[in-house]
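Undergrad: Residue numbers (this note's numbering), protein chains in the order written: chain A, 12 to 235; chain B, 12 to 235.
There are 2 protein chains.
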Amino acid sequence: MSAPLTRREAKERTRKRLIDAARELILSGDETRVAASTVAKRASVAGATFYEHFRSRDDLLKALADDLFDELREKLATSRWEALAAPSSEEKLRQEFQTPLAVLAANPDLFRLALRVRHYPSSPLGDSSRRFSGNTRSDVVEELVDRGYPHDGPEERRRLEMIADVHIAATEVLALGYLAGRYPDLNEVVDMLVLVTRGTRLAREWHGRSALELDAEVVQARNS
Amino acid sequence: MSAPLTRREAKERTRKRLIDAARELILSGDETRVAASTVAKRASVAGATFYEHFRSRDDLLKALADDLFDELREKLATSRWEALAAPSSEEKLRQEFQTPLAVLAANPDLFRLALRVRHYPSSPLGDSSRRFSGNTRSDVVEELVDRGYPHDGPEERRRLEMIADVHIAATEVLALGYLAGRYPDLNEVVDMLVLVTRGTRLAREWHGRSALELDAEVVQARNS
DNA sequence: AGTTTCGCCGATAGTACTATCGGCGAATGG
DNA sequence: CCATTCGCCGATAGTACTATCGGCGAAACT
Numbered sequence: 012m013s014a015p016l017t018r019r020e021a022k023e024r025t026r027k028r029l030i031d032a033a034r035e036l037i038l039s040g041d042e043t044r045v046a047a048s049t050v051a052k053r054a055s056v057a058g059a060t061f062y063e064h065f066r067s068r069d070d071l072l073k074a075l076a077d078d079l080f081d082e083l084r085e086k087l088a089t090s091r092w093e094a095l096a097a098p099s100s101e102e103k104l105r106q107e108f109q110t111p112l113a114v115l116a117a118n119p120d121l122f123r124l125a126l127r128v129r130h131y132p133s134s135p136l137g138d139s140s141r142r143f144s145g146n147t148r149s150d151v152v153e154e155l156v157d158r159g160y161p162h163d164g165p166e167e168r169r170r171l172e173m174i175a176d177v178h179i180a181a182t183e184v185l186a187l188g189y190l191a192g193r194y195p196d197l198n199e200v201v202d203m204l205v206l207v208t209r210g211t212r213l214a215r216e217w218h219g220r221s222a223l224e225l226d227a228e229v230v231q232a233r234n235s
Numbered sequence: 012m013s014a015p016l017t018r019r020e021a022k023e024r025t026r027k028r029l030i031d032a033a034r035e036l037i038l039s040g041d042e043t044r045v046a047a048s049t050v051a052k053r054a055s056v057a058g059a060t061f062y063e064h065f066r067s068r069d070d071l072l073k074a075l076a077d078d079l080f081d082e083l084r085e086k087l088a089t090s091r092w093e094a095l096a097a098p099s100s101e102e103k104l105r106q107e108f109q110t111p112l113a114v115l116a117a118n119p120d121l122f123r124l125a126l127r128v129r130h131y132p133s134s135p136l137g138d139s140s141r142r143f144s145g146n147t148r149s150d151v152v153e154e155l156v157d158r159g160y161p162h163d164g165p166e167e168r169r170r171l172e173m174i175a176d177v178h179i180a181a182t183e184v185l186a187l188g189y190l191a192g193r194y195p196d197l198n199e200v201v202d203m204l205v206l207v208t209r210g211t212r213l214a215r216e217w218h219g220r221s222a223l224e225l226d227a228e229v230v231q232a233r234n235s
């Protein structure tokens, strides 16, 4: 039946069991449910064995968080790749929202974990989560640069970060609404996100002028 | 010195002490630091006394959460009132973002508490927090209706909710960036939020047409 | 084969917290 | 003035969890 296991194999197998158990627990509830003893029980090993693999409870949580958020970031990163394949530049823009939305909608537990933990300074997952957020922002800023947004100097750089933050926040909040059943049509959600870019895109011509001036210009253009 | 206290006075005084202690604890750390014993110690009463005033730890947390979020909502609600006083319609719009931003920036602990707790289903604060979020969305939808956004039928109503969600999320994420020191100029933040409305405002003319069509129209108008 | 290593485990000391109980003493009410 | 109420408290039972220790038995080494 079971081939004789080498020590290395056996140990890695047990470690994986523990991590898998912890993953299930953290995704189905919150971190407070992930106790060393609970994880061990769910992995069908003795409580003491837990500490053969992890120095402490927090040690496991950190390792787990890195795993989970790397996974999510990787999935989200495919959006750029997929968007490049789109025919028109309009479709490309839509795709750049559609894929992240689909990823979040397909991994609600992981998505919610990220949201939950983001603002908990004391959580062992907090660091990992905030690193993830920062990376996501950088990724989106890169997207914007590729789309031709100006990015010279700290001022323009900062504005790009603001735009990225807004795009991410809008995507997340609408994804959440979708998951809650409030916005059942993902196409409509994408439409809305595209509209948001129509606003933030005006920042491209921000050179020293205030938003009010810009706005007046645009309104005039539309009325003409 | 101290006048003789009636029983009622004494009891209310102690209760207030407990709530104040809990408030300090929850705002300076996270809920996990708010234990019945810790609160009692900080309020300088015996552990047993805690249970003379609250049935359980969760009982206190719920009462506290209602207090805190009601307080925050009330502060945010003043924004509409203040915005009405603005001279031009442009200034009015800016004010409608400026005041909430100022409120969030002035109450970072309370703001962060709301963010933290929002996605914790198991937290006793969760319910109260989500009620708060829902109310805030309703408030903003009302604002949009006042500003002339169409609101007949469930479709338009839903779109208003989406816009409100986006405006709130954008405000929150930029306020967070301000608190983190990333966006030190609140005026610039308001400018960006106004730009966002330039995008979402296009949804006013959504009547059955796709965002893509609308967009093409606007781009043409701007280029002409 | 004999010896060492090591992955696992049962038991348990230690910690932190919740919630209750019986009682003390001062305010309350006749 | 006496009996009662009640706000407060010290002590403590009960619960849940972390982390460690000594030891067992099978793999690894020689």
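Using N, Cα and C, we set each Cβ at its ideal position, and we do this for glycine too.
Aspartate 138(B) by DSSP, collapsed to three states: which one?
TA: Here residue 138(B) corresponds to residue number 127 of the second sequence, with the count starting at 1. Of the three classes helix, strand and coil, the one that applies to aspartate 138(B) here is helix, per DSSP.
Undergrad: When we look at the beta-carbon of leucine 95(B) and count the other beta-carbons within 10 Å, is it buried (16 or more) or exposed?
TA: To locate residue 95(B), count along the second sequence from 1; it is residue 84. Label assigned to leucine 95(B): exposed.
Undergrad: Taking C-beta to C-beta, are valine 201(B) and glycine 210(A) nearer than 8 Å?
TA: Here residue 201(B) corresponds to residue number 190 of the second sequence, with the count starting at 1. Here residue 210(A) corresponds to residue number 199 of the first sequence, with the count starting at 1. No. Outside cutoff.
Undergrad: From this set, Pro111(B), Asp41(B), Ser133(B), Glu63(B), which residue's C-alpha is nearest aspartate 150(B)'s C-alpha?
TA: Translated into the one-based positions of the second sequence, residue 150(B) becomes position 139. Ranking Pro111(B), Asp41(B), Ser133(B), Glu63(B) by Cα distance to aspartate 150(B) puts Pro111(B) first.
Undergrad: Going along the chain, which residues of the segment 191-210 of chain A sit with their C-beta nearer than 7 Å to a C-beta in chain B?
TA: Listed in sequence order: Arg193, Tyr194, Asp202, Met203, Val205, Leu206, Val207, Thr208, Arg209, Gly210.
Undergrad: Short check: CB of serine 39(A) to CB of phenylalanine 80(A), under 8 Å?
TA: As a first step, residue 39(A) must be located in the first sequence, where it is residue number 28. As a first step, residue 80(A) must be located in the first sequence, where it is residue number 69. Contact: no.
Undergrad: Can you tell me which of Glu183(B), Gln109(B), Thr60(B) puts its alpha carbon nearest to the alpha carbon of alanine 97(B)?
TA: On the second sequence, residue 97(B) is found 86 positions in, with the first residue counted as 1. When each option's Cα is compared against that of alanine 97(B), the closest is Gln109(B).
Undergrad: Using a Cβ cut-off of 8 Å, pull out every chain B residue sitting near histidine 130(A), in sequence order please.
TA: For the purposes of this step, residue 130(A) is taken as residue 119 along the first sequence, with counting starting at 1. Within 8 Å Cβ-Cβ: Arg123, Leu126, Arg127.
Undergrad: Closest to arginine 193(B) by CA distance: which of Ala88(A), Pro165(A), Tyr189(A) is it?
TA: Locating residue 193(B) in the second sequence gives position 182, counting from the first residue. Comparing Cα positions, the closest option is Pro165(A).
Undergrad: Roughly how many angstroms separate the alpha carbons of isoleucine 30(B) and glutamate 23(B), rounded to a whole number?
TA: Taking the first residue of the second sequence as position 1, residue 30(B) is located at position 19. Taking the first residue of the second sequence as position 1, residue 23(B) is located at position 12. Taking the straight line joining both Cα atoms gives about 10 Å.
Undergrad: Rounded to a whole number of angstroms, what is the C-alpha to C-alpha distance between alanine 123(B) and threonine 147(B)?
TA: Sequence index remark: in the second sequence, residue 123(B) carries index 112 (1-based). Sequence index remark: in the second sequence, residue 147(B) carries index 136 (1-based). First, the amino acid is wrong: residue 123(B) is arginine here, not alanine. Cα to Cα, arginine 123(B) sits roughly 16 Å from threonine 147(B).
Undergrad: Under 8 Å Cβ to Cβ from glutamate 107(A), same chain only, skipping five residues before and after it: list those, please.
TA: Position 96 of the first sequence, counted from the start, is the residue given in the question as residue 107(A). Excluding residues within five positions, the ones whose Cβ falls inside 8 Å are Ser90, Arg91, Ala94, Glu154.
Undergrad: Nearest-angstrom Cα distance between glutamate 172(B) and alanine 21(B)?
TA: What you label residue 172(B) is simply residue 161 of the second sequence in a count that begins at 1. What you label residue 21(B) is simply residue 10 of the second sequence in a count that begins at 1. Distance between the alpha carbons of glutamate 172(B) and alanine 21(B) is about 47 Å.
Undergrad: Hey, could you find the ends of the alpha helix (DSSP H) threonine 211(B) is sitting in?
TA: In the second sequence, the residue the question calls residue 211(B) occupies position 200. From DSSP, the alpha helix (DSSP H) with threonine 211(B) extends over 197-211.
Undergrad: Check the Cβ of valine 151(B) against every Cβ in chain A and list those closer than 7 Å, keeping chain order.
TA: Locating residue 151(B) in the second sequence gives position 140, where the first residue counts as 1. Within 7 Å Cβ-Cβ: nothing; valine 151(B) doesn't reach chain A, min ~12 Å.
Undergrad: In terms of alpha-carbon separation, which member of Val128(A), Leu87(A), Ala32(A) lies closest to valine 45(A)?
TA: Within the first sequence, the letter at position 34 stands for residue 45(A). Closest by alpha carbon: Ala32(A).
Undergrad: Around the C-beta of histidine 130(A), are 16 or more other C-beta atoms found within 10 angstroms, so that it is buried, or is it exposed?
TA: Start at 1 with the first residue of the first sequence, and residue 130(A) comes out as number 119. Result: buried.
Undergrad: Starting from the Cα of aspartate 176(A), find the closest Cα among Thr25(B), Lys73(B), Ala180(B) and give me that residue.
TA: For the purposes of this step, residue 176(A) is identified with residue 165 of the first sequence, where counting begins at 1. Among Thr25(B), Lys73(B), Ala180(B), the Cα nearest to that of aspartate 176(A) is on Ala180(B).
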